[in-house]
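Protein chains in written order, with our numbering: chain S, 1 to 97; chain P, 1 to 97. Even glycine gets a Cβ: it sits at the ideal position worked out from N, Cα and C.
There are 2 protein chains.
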Amino acid sequence: MDQTKQKNKTNTVYIGKKPTMAYVLACITQLSEGNSEITIRARGRTISQAVDVAEVVRNKFVKDASVKNIVIGTEELESKDGQMLNVSSIEIVLGRK
Amino acid sequence: MDQTKQKNKTNTVYIGKKPTMAYVLACITQLSEGNSEITIRARGRTISQAVDVAEVVRNKFVKDASVKNIVIGTEELESKDGQMLNVSSIEIVLGRK
Chain S
1 MDQTKQKNKT
11 NTVYIGKKPT
21 MAYVLACITQ
31 LSEGNSEITI
41 RARGRTISQA
51 VDVAEVVRNK
61 FVKDASVKNI
71 VIGTEELESK
81 DGQMLNVSSI
91 EIVLGRK
Chain P
1 MDQTKQKNKT
11 NTVYIGKKPT
21 MAYVLACITQ
31 LSEGNSEITI
41 RARGRTISQA
51 VDVAEVVRNK
61 FVKDASVKNI
71 VIGTEELESK
81 DGQMLNVSSI
91 EIVLGRK
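Right under this line is the structure:
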């Protein structure tokens, strides 16, 4: 599922329910494949995990990577019972220096 | 506790264990007291809540407020058993346009 999403829009890693290190690995892979910038996206409770992923990547693995931009926003989602919910989102752009 | 922290360093709202709306109210109060900028700070799992607070403040209550800057980082904390833990942190600066 996640793999497909990443192929559809390259350079983007969507944070879901996997362990943090799975996304760290996805980021490292994309950065080492020649992408100079990657975008980490998350919604709701996984926002904290997106920050963890970005921090682990740049502090532990890709030392020349830095945070280029961070954008926060709100997305409207429809819940199972048809109600509209506002969910916060984050987009962290990591790039090589 | 939170009140004391806010007095020690004005313009800063630390996200802790209270409901989101408690922090939204703290932000609105500080912005209406004449502060042109406020900083929302959070660590670990509360990072998502910090984004929620910023989004609710600027979308629902202080329409002329916008995100001026976002910084993420890592803080080292000592756990109860003496181990060092890395915890991600976020700092969101909200300001009036």
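C-beta neighbour in chain S for residue i, strict 8 Å
| i | result |
| --- | --- |
| Ile72(P) | yes |
| Ile38(P) | no |
| Gly95(P) | no |
| Ser88(P) | yes |
Through-space distance from residue j to residue i, alpha-carbon basis
| i | j | result |
| --- | --- | --- |
| Ile50(P) | Glu78(P) | Per the sequence presented here, residue 50(P) reads as Ala, with Ile not at that position. Taking the straight line joining both Cα atoms gives about 23 Å. |
| Gly99(S) | Ile92(S) | No answer is possible for residue 99(S): the residues shown for chain S start at 1 and end at 97. |
| Val62(S) | Ile28(S) | 7 Å |
| Ala26(S) | Ser32(P) | 43 Å |
| Tyr23(P) | Val53(P) | 7 Å |
| Val67(S) | Arg96(S) | 9 Å |
| Gly73(P) | Ile15(S) | 18 Å |
| Ala65(P) | Ser89(S) | 18 Å |
| Lys18(P) | Arg58(S) | 31 Å |
| Asn86(S) | Ser48(P) | 13 Å |
| Thr20(P) | Gln30(S) | 35 Å |
| Glu55(S) | Asn69(P) | 17 Å |
| Thr46(P) | Lys60(S) | 23 Å |
| Val13(P) | Gly34(S) | 40 Å |
| Leu94(P) | Val71(P) | 12 Å |
| Asn11(S) | Ala42(P) | 27 Å |
Below-8 Å beta-carbon distance, residue i vs any chain P residue
| i | result |
| --- | --- |
| Gly34(S) | no |
| Gly44(S) | yes |
| Lys5(S) | The pLDDT assigned to Lys5(S) is 44, lower than 50, so where the model puts this residue is not dependable, and the model offers no usable value. |
Bounding residues of the beta strand (DSSP E) (the contiguous stretch that carries residue i)
| i | result |
| --- | --- |
| Glu91(P) | Met84 to Arg96 |
| Glu37(S) | Glu37 to Arg43 |
| Thr66(S) | The sequence given here has Ser at residue 66(S), not Thr. From DSSP, the beta strand (DSSP E) with Ser66(S) extends over Ala65 to Glu78. |
Alpha helix (DSSP H) segment containing residue i, residue limits
| i | result |
| --- | --- |
| Thr12(P) | No alpha helix (DSSP H) holds Thr12(P); the beta strand (DSSP E) holding it covers Thr12 to Tyr14. |
| Glu55(S) | Ile47 to Val56 |
| Ser32(P) | Thr20 to Ser32 |
(request) Quick one: which residues of the segment 48-66 of chain P get their C-beta closer than 7 Å to a C-beta of chain S? List them in chain order. (result) Ser48, Val51, Asp52, Ala54, Glu55 and Asn59
(message) Closer than 8 Å is the cut-off here; do at least three beta carbon pairs connect the segment 64-84 of chain P with the segment 35-47 of chain S?
(response) no
(request) With 8 Å as the C-beta to C-beta threshold (strictly closer), list the residues of the segment 9-27 of chain P near chain S in chain order. (result) Listed by position along the chain: nothing, the set is empty.
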